[in-house]
Amino acid sequence: MSDPVVQDFWAELRATTQARIGLGRTGDALPTQRVLEFRSAHAAARDAVHQPLDAEALAEQVEAVGLGRPVVVTSQASDRSEYLRRPDLGRTPADLSAVPVGTAEVGFVLADGLSPRALADHGVSLLSALVDEFGGTYSLAPPVIATQARVALGDHIAQALGVQTLVLLIGERPGLSVADSVGVYLTHLPRPGRTDADRNCVSNIHPPEGLGYELAARVVAGLVSGARKLGRSGVELKDTSRADALAAPSEILEL
């Protein structure tokens, strides 16, 4: 039988993290409650991966953000099963003829990735926060929704849009703690053939437990500004969005 004092100790720590800690034991096994929690989390992760995105419903919500009616495109993966078995197909577009060509500075792609549920839950709110954070600083292309999509598919879409900087919102791989997390990938001067070293990523966006929309948008806006000044994104571009906050205490001392 578990010691109540030990249980109370772990209960306090468990409230600060989504990680599975202090699970306890019954004999040589986990308590039934912990086993059921694990199975429930595993089922949620599997469902998040296999659940297809309702692109038309998402398009209506995205249109309300005010950037125009989004175009829906897909990769060469025909369904979720093929998408999971053939990552290469998820990086290549099937047909981009419907993507409007323009001269906008920044383009947005909303991709289902490995968790369509995450994009459905957080994509519109995050996009809205990004548009608000940019505050008219850049010209913005009409958004594009991409299904059966990997990150590199965005490079093809960005080239078709004619944008200088791409901001791609994508459902991240579900885990046993979080099944609905969104990541944002920034690529400056995007084109097919870009690698992950040419991108910057802001991940773990899923309020209230994860990164909030406004803070994520602030970080992305700082990276976009930095990329456009530097002339490139990727490993040479660092997040300085919180530099002022870190410098504030020393500035106060100097006064």
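Here the sequence shown is numbered in the working numbering, starting from 138 and rising by one per residue.
All residues carry an ideal CB built from backbone N, CA and C; glycine is no exception.
Measure the alpha-carbon distance for residue i versus residue j and round it to whole angstroms.
{"i": "residue 342", "j": "residue 162", "result": "33 Å"}
{"i": "residue 264", "j": "residue 208", "result": "15 Å"}
{"i": "residue 325", "j": "residue 294", "result": "13 Å"}
{"i": "residue 189", "j": "residue 217", "result": "7 Å"}
{"i": "residue 385", "j": "residue 368", "result": "Caution applies to residue 385, whose pLDDT of 48 falls short of 50 and renders its modelled position unreliable; the value that the coordinates give is listed next. Answer to the nearest angstrom: the Cα atoms are 29 Å apart."}
{"i": "residue 253", "j": "residue 297", "result": "23 Å"}
{"i": "residue 156", "j": "residue 374", "result": "30 Å"}
{"i": "residue 172", "j": "residue 315", "result": "17 Å"}
{"i": "residue 251", "j": "residue 308", "result": "6 Å"}
{"i": "residue 204", "j": "residue 245", "result": "10 Å"}
{"i": "residue 176", "j": "residue 170", "result": "10 Å"}
{"i": "residue 377", "j": "residue 276", "result": "23 Å"}
{"i": "residue 238", "j": "residue 212", "result": "19 Å"}
{"i": "residue 168", "j": "residue 279", "result": "51 Å"}
{"i": "residue 362", "j": "residue 331", "result": "20 Å"}
{"i": "residue 149", "j": "residue 159", "result": "10 Å"}
{"i": "residue 258", "j": "residue 187", "result": "15 Å"}
{"i": "residue 146", "j": "residue 165", "result": "21 Å"}
{"i": "residue 365", "j": "residue 329", "result": "19 Å"}
{"i": "residue 266", "j": "residue 352", "result": "9 Å"}
{"i": "residue 234", "j": "residue 151", "result": "50 Å"}
{"i": "residue 153", "j": "residue 354", "result": "24 Å"}
Mind reading off the beta-carbon distance from residue i to residue j? Whole number of angstroms is fine, and I expect it under 8 Å.
{"i": "residue 311", "j": "residue 192", "result": "Actually they do not touch by this definition, with Cβ atoms about 19 Å apart."}
{"i": "residue 323", "j": "residue 337", "result": "5 Å"}
{"i": "residue 288", "j": "residue 305", "result": "6 Å"}
{"i": "residue 371", "j": "residue 317", "result": "Not a contact, Cβ separation roughly 27 Å."}
{"i": "residue 396", "j": "residue 230", "result": "This structure leaves residue 396 out entirely; the chain is present only between 138 and 392."}
{"i": "residue 321", "j": "residue 339", "result": "5 Å"}
{"i": "residue 302", "j": "residue 236", "result": "Rounded, the Cβ-Cβ distance is 16 Å, inconsistent with contact."}
{"i": "residue 248", "j": "residue 290", "result": "7 Å"}
Taking the DSSP output, what are the residues bridged to residue i?
{"i": "residue 325", "result": "302"}
{"i": "residue 163", "result": "166"}
{"i": "residue 207", "result": "Bridge partners of residue 207: none, in fact."}
{"i": "residue 286", "result": "In DSSP, residue 286 forms no bridge with anything."}
{"i": "residue 108", "result": "The requested residue 108 is not part of the displayed model; the chain covers only 138 to 392."}
{"i": "residue 230", "result": "212"}
{"i": "residue 281", "result": "208, 246"}
{"i": "residue 348", "result": "342"}
What are the boundary residues of the alpha helix (DSSP H) that includes residue i?
{"i": "residue 236", "result": "That residue, residue 236, is in no alpha helix (DSSP H); it is neither H nor E in DSSP."}
{"i": "residue 262", "result": "253–271"}
{"i": "residue 191", "result": "Taken as a continuous stretch (DSSP letters only), residue 191 belongs to no alpha helix (DSSP H), as it is neither H nor E."}
{"i": "residue 218", "result": "217–222"}
What residue does the beta strand (DSSP E) around residue i start on, and which one ends it?
{"i": "residue 409", "result": "Given a span of 138 to 392 for the chain in the structure shown, any question on residue 409 remains unanswerable."}
{"i": "residue 339", "result": "336–342"}
Taking 6 Å as the cut-off, is the beta-carbon of residue i closer than that to any non-hydrogen atom of the ligand ATP?
{"i": "residue 359", "result": "The ligand ATP is not among the ligands present in this structure, which contains no ligands whatsoever."}
**Request:** Decide yes or no for the touch test of the segment 219–233 against the segment 189–203: beta carbon pairs closer than 8 Å, at least 3 of them.
**Result:** no
**contact_flag[the segment 357–376, the segment 266–276] where n(CB pairs < 8 Å) is 3 or more** = yes
**Message:** Whether or not the segment 336–351 and the segment 277–287 are in contact is what I'm after, with contact meaning three or more pairs of Cβ atoms, one per stretch, closer than 8 Å; do they touch?
**Reply:** no
**Touching by the beta-carbon criterion (3+ pairs, under 8 Å), the segment 224–231 and the segment 255–262** = no
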